[in-house]
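Chains as they are written, first to last, in this note's numbering: chain Z, 1 to 203; chain A, 1001 to 1203; chain L, 2001 to 2203.
All C-beta atoms in this analysis are idealised placements derived from N, C-alpha and C, irrespective of residue type, glycine included.
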Amino acid sequence: MHLNFIDIIEIIGTFSFAVSGAFAAMEKNLDPFGILIIAFATAIGGGTIRDLLIGSFPVAWLKNSNAAWAIFGGAISSLFFGRHLKLIHKLLFLFDALGLGLFTVIGLEKGLAFHLSNPVCVALGTITGCFGGVLRDVMLNNVPLIFHKEFYASASILGASGYFLLVSLNISEDVAGISAMMSIVVIRLLAVRYNWTLPKFYV
Amino acid sequence: MHLNFIDIIEIIGTFSFAVSGAFAAMEKNLDPFGILIIAFATAIGGGTIRDLLIGSFPVAWLKNSNAAWAIFGGAISSLFFGRHLKLIHKLLFLFDALGLGLFTVIGLEKGLAFHLSNPVCVALGTITGCFGGVLRDVMLNNVPLIFHKEFYASASILGASGYFLLVSLNISEDVAGISAMMSIVVIRLLAVRYNWTLPKFYV
Amino acid sequence: MHLNFIDIIEIIGTFSFAVSGAFAAMEKNLDPFGILIIAFATAIGGGTIRDLLIGSFPVAWLKNSNAAWAIFGGAISSLFFGRHLKLIHKLLFLFDALGLGLFTVIGLEKGLAFHLSNPVCVALGTITGCFGGVLRDVMLNNVPLIFHKEFYASASILGASGYFLLVSLNISEDVAGISAMMSIVVIRLLAVRYNWTLPKFYV
């Protein structure tokens, strides 16, 4: 098996998403099976919802054993080394941002491959990057975090929109994809560093 | 673009569903992104679940930019004019009833186009009309409203069943569709006016 | 209509799943429509999620009126004879275990028919057997029971894994299927009799 740069980012992104799911499940005091399922749902949820919406079957994770191994690794590491993983939370946070950037671009490109319109591709990218976390929160009976607390989906939307801006400026799709991914990572890091939030509105 | 009568009802129904989603999200104090997503899920949830179940891909809202614009309009109006929208809550309620009627008939007819049995078509009509609200409530961590409070899905089921009654009496499908839609609207309005509820059972 | 042994187990398993959904809905004080929907979701949720993931359309329950009748029967029995059904809760528990065993094997075999890998087939079997209950709990705003309380999904995973062990020992698929189903039932009965749980981990 030959792993290229994208595969490696995908694996560490999947691992980080799985760890975030496992930690959230452990806070709710689930048993190891429940923790594994929530880790799975967090890591594959976004891509699965995307594939369901566009009709790409079987959905991606059924065909990709790399993802399954990364998720097992993330869930089991969380179970056994939870305390130690927390010590590297800044590294995990960086991995998560990388995953967000990469999965957004993967989702967007899958939309393009299915000949869908640009706004729909932005939506599919955002769904791929963010809806694993929504599924995690719904299954754990929380209001989804990204709906009220973090500048997370917004980074994904901005980066995905930037992709189409760049392509419209005659920049190649490869360069646009890498730029979109990197800007999502940078926006996400800046958002947490400077505590960006969206303004709230009241009725 | 030429909009006919059905398109216009669809747009105002979608707008009303989006407003109902946005209001529910604002009550939970979500940020604008969360409000937009809940508005989307409320407005397109029913049709999306229907399309997933019967295998119609890509699901309807990925191909229909009218719906997306109506939802954006509904979500943004709720954010900026929430207080004023509440003043026209009777109008919004009427729009919602129109949407329920129309979406039920659309769902039912899509089931027929896929050669499914009559009871399944009733179920698909009800899902199309009502399950956006279920998705909204599940994502916001509420027990779905239509399961315990309102005579809402029942209006949808009665109207959809009436469609097949009329067709079995040799009434044309067009007339049956319009009659089903109108009876759903009337049942819904009467139900709220006279405070109909289903009886409850206890174990 | 000719019903064979498998059909009969499927019907009583579906009935039992529907009753478990209806009881959970009645505890939340839902109205009869809500109870019916939760009964439906509990009984068909696992197979529906499986069919969505692998892309088998329309999903199984749209084509199978036996299931719909068993669910109606389960929901209506719960509504009218809830008190009496509780007297036979041991019988219902046995039916539920039979359903878990059968649905796990059905899901696993459907995965094989779609040429998916063995671990994916184990996952699909477990999803078919267990995720109706997850859907029930998510819709009722509970943390899914199988994630923190019962040795339930574990029985399903063990049985499904046993299937592949037996097949690798050159045992015929029919015998392996029946053995897997029976061992899931036995593991489930022993687990409840001796109060087995998975160990919990803390961060």
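Distance, Cα to Cα, VAL1143 of chain A vs GLU1173 of chain A?
Residue numbering aside, residue 1143 of chain A sits at position 143 when the second sequence is read from its first letter. Residue numbering aside, residue 1173 of chain A sits at position 173 when the second sequence is read from its first letter. When rounded, the distance between both Cα atoms is 36 Å.
Sorted by chain position, which residues of the same chain lie with C-beta nearer than 6 Å to PHE1033 of chain A's C-beta, five sequence neighbours on each side aside?
Position 33 of the second sequence, counted from the first residue, corresponds to residue 1033 of chain A. Answer for PHE1033 of chain A: no residue qualifies.
State the Cα-Cα distance for the pair LEU100 of chain Z and LYS28 of chain Z, rounded to the nearest angstrom.
Position 100 of the first sequence holds residue 100 of chain Z. Position 28 of the first sequence holds residue 28 of chain Z. Straight-line Cα distance between these residues: approximately 24 Å.
Within 10 angstroms of its Cβ, does THR2104 of chain L collect 16 or more other Cβ (buried), or is it exposed?
Taking the first residue of the third sequence as position 1, residue 2104 of chain L is located at position 104. Buried, because 16 or more other Cβ atoms sit within 10 Å of the Cβ of THR2104 of chain L.
Identify each residue in the segment 1170-1200 of chain A for which the Cβ-Cβ distance to at least one residue of chain L is less than 8 Å, and report them in chain order.
THR1197, LEU1198, PRO1199 and LYS1200
Output the distance between the C-alpha atoms of LEU2124 of chain L and ALA68 of chain Z, rounded to the nearest integer angstrom.
Counting from one through the third sequence, the residue named residue 2124 of chain L turns up at place 124. Counting from one through the first sequence, the residue named residue 68 of chain Z turns up at place 68. Cα to Cα, the separation comes out at about 14 Å.
For TRP69 of chain Z, report the span of its alpha helix (DSSP H) as first-last.
Sequence index remark: in the first sequence, residue 69 of chain Z carries index 69 (1-based). Its alpha helix (DSSP H) spans residues 65-87.
8 Å Cβ cutoff, PHE15 of chain Z in contact with chain A
Locating residue 15 of chain Z in the first sequence gives position 15, where the first residue counts as 1. By this cut-off, PHE15 of chain Z is not an interface position.
Every unbroken alpha helix (DSSP H) within the segment 2028-2069 of chain L, with a cutoff of 4 residues, ordered by chain:
2032-2054
Establish whether the CB of SER154 of chain Z and some CB of chain A are separated by less than 8 Å.
Numbered from 1 along the first sequence, position 154 holds the residue referred to as residue 154 of chain Z. Yes, its Cβ sits closer than 8 Å to a Cβ of chain A.
Chain A beta carbons: is any one of them nearer than 8 Å to that of ILE2037 of chain L?
Taking the first residue of the third sequence as 1, we reach residue 2037 of chain L at position 37. Yes - at least one Cβ of chain A is within 8 Å of the one on ILE2037 of chain L.
Please go through the segment 2115-2140 of chain L and give each complete alpha helix (DSSP H) segment of 4 or more residues, from N-terminal end onward.
2118-2139
Taking Cβ to Cβ, would you say ARG1050 of chain A is nearer than 8 Å to THR1128 of chain A?
Translated into the one-based positions of the second sequence, residue 1050 of chain A becomes position 50. Translated into the one-based positions of the second sequence, residue 1128 of chain A becomes position 128. Yes, these two residues count as a Cβ contact at 8 Å.
If you follow the alpha helix (DSSP H) that TYR1163 of chain A is part of, which residue opens it and which one closes it?
Counted from its first residue, the second sequence places residue 1163 of chain A at position 163. Start and end: 1153-1168.
Measuring straight from C-alpha to C-alpha, what distance separates GLY1072 of chain A and MET2182 of chain L?
Residue numbering aside, residue 1072 of chain A sits at position 72 when the second sequence is read from its first letter. Residue numbering aside, residue 2182 of chain L sits at position 182 when the third sequence is read from its first letter. The sequence given here has Phe at residue 1072 of chain A, not Gly. About 53 Å.
Verify whether the separation of the beta carbon atoms of ILE1146 of chain A and ALA1153 of chain A is less than 8 Å.
As a first step, residue 1146 of chain A must be located in the second sequence, where it is residue number 146. As a first step, residue 1153 of chain A must be located in the second sequence, where it is residue number 153. Their beta carbons are under 8 Å apart, which means ILE1146 of chain A touches ALA1153 of chain A by this criterion.
Is it a yes or a no for the segment 80-100 of chain Z touching the segment 1072-1081 of chain A, going by three-plus beta-carbon pairs under 8 Å?
no
How many whole angstroms separate the CB atoms of ALA1039 of chain A and ALA1075 of chain A, which I take to be in contact at a CB cut-off of 8 Å?
Taking the second sequence and counting its residues from 1, the one referred to as residue 1039 of chain A is at position 39. Taking the second sequence and counting its residues from 1, the one referred to as residue 1075 of chain A is at position 75. That pair is a contact at about 4 Å.
Member of Z:LEU198, Z:LEU190, Z:LYS110 and Z:GLY132 whose CA lies at the smallest distance from the CA of GLY177 of chain Z:
Within the first sequence, residue 177 of chain Z is the residue found at index 177, counting from 1. Among Z:LEU198, Z:LEU190, Z:LYS110 and Z:GLY132, the Cα nearest to that of GLY177 of chain Z is on Z:LYS110.
Chain-ordered chain A contacts of PRO119 of chain Z [CB-CB under 8 Å]:
Taking the first residue of the first sequence as 1, we reach residue 119 of chain Z at position 119. In chain order: SER1065 and ALA1068.
Along the segment 25-59 of chain Z, where does the CB come closer than 7 Å to a CB of chain A? Name the residues.
LEU52, LEU53, ILE54 and GLY55
Taking its Cβ as the centre, do 16 or more other Cβ atoms sit within 10 Å of THR1197 of chain A, making it buried, or is it exposed?
Numbered from its first residue, the second sequence carries residue 1197 of chain A at position 197. Exposed is the call here.
For LYS2063 of chain L, which of A:VAL1120, A:CYS1130 and A:SER1065 has the nearest alpha-carbon?
Along the third sequence, one-based indexing puts residue 2063 of chain L at 63. Checked all of A:VAL1120, A:CYS1130 and A:SER1065; the closest Cα to LYS2063 of chain L is A:VAL1120.
Could you give the residue range of the alpha helix (DSSP H) that holds LEU190 of chain Z?
Here residue 190 of chain Z refers to the residue found at position 190 when the first sequence is read from its first residue. Start and end: 173-193.
Inspect the beta-carbon positions of PHE1057 of chain A and ASN1118 of chain A and report whether they are closer than 8 Å.
In the second sequence, counting from the first residue as 1, residue 1057 of chain A sits at position 57. In the second sequence, counting from the first residue as 1, residue 1118 of chain A sits at position 118. Result no, Cβ atoms of PHE1057 of chain A and ASN1118 of chain A do not sit closer than 8 Å.
Partner residues on chain Z for VAL1138 of chain A, Cβ-Cβ distance less than 9 Å
As a first step, residue 1138 of chain A is located in the second sequence; it is residue number 138 there, counting from the start. Within 9 Å Cβ-Cβ: VAL138.
Quick one: which chain A residues come within Cβ less than 8 Å of LEU2092 of chain L?
Taking the third sequence and counting its residues from 1, the one referred to as residue 2092 of chain L is at position 92. Those within 8 Å of LEU2092 of chain L in chain A number zero; the least Cβ separation is about 13 Å.
Rounding to the nearest angstrom, what Cα-Cα distance links ILE2187 of chain L and ALA2022 of chain L in this structure?
Residue 2187 of chain L sits at position 187 when you count from the first residue of the third sequence. Residue 2022 of chain L sits at position 22 when you count from the first residue of the third sequence. Their Cα atoms are separated by approximately 25 Å.
With H, G and I counted as helix, E and B as strand and the rest as coil, what does DSSP make of GLU10 of chain Z?
Counted from its first residue, the first sequence places residue 10 of chain Z at position 10. Looking at GLU10 of chain Z - three-state DSSP - the assignment turns out to be helix.
Measure how close the beta-carbons of GLY2132 of chain L and ILE2011 of chain L come, nearest whole angstrom, since I'm counting them as under 8 Å.
Taking the first residue of the third sequence as 1, we reach residue 2132 of chain L at position 132. Taking the first residue of the third sequence as 1, we reach residue 2011 of chain L at position 11. In fact, because the Cβ distance is near 15 Å, the residues do not count as touching under 8 Å.
When the cut-off is 8 Å and only beta carbons count, does ASN141 of chain Z lie next to chain L?
Along the first sequence, one-based indexing puts residue 141 of chain Z at 141. Yes, contact with chain L.
Cut-off 8 Å between Cβ atoms - residues of its own chain near THR1126 of chain A, not counting five sequence neighbours on either side
On the second sequence, position 126 is the one that residue 1126 of chain A refers to. For THR1126 of chain A, where only same-chain residues beyond five positions count, the Cβ hits under 8 Å are THR1104, GLY1107, ALA1153, SER1156, ILE1157 and ALA1160.
Mind reading off the beta-carbon distance from HIS148 of chain Z to ASP1031 of chain A? Whole number of angstroms is fine, and I expect it under 8 Å.
Stepping through the first sequence from its first residue, residue 148 of chain Z is reached at position 148. Stepping through the second sequence from its first residue, residue 1031 of chain A is reached at position 31. That belief holds up - the Cβ atoms of HIS148 of chain Z and ASP1031 of chain A are roughly 6 Å apart, short of 8 Å.
Which residues in chain L have a C-beta closer than 9 Å to the C-beta of LEU1135 of chain A? List them in chain order.
Residue numbering aside, residue 1135 of chain A sits at position 135 when the second sequence is read from its first letter. Simply none; closest approach about 10 Å.
Interface residues of chain L around PHE1114 of chain A at Cβ under 8 Å?
For the purposes of this step, residue 1114 of chain A is identified with residue 114 of the second sequence, where counting begins at 1. Chain L residues near PHE1114 of chain A: PRO2058.
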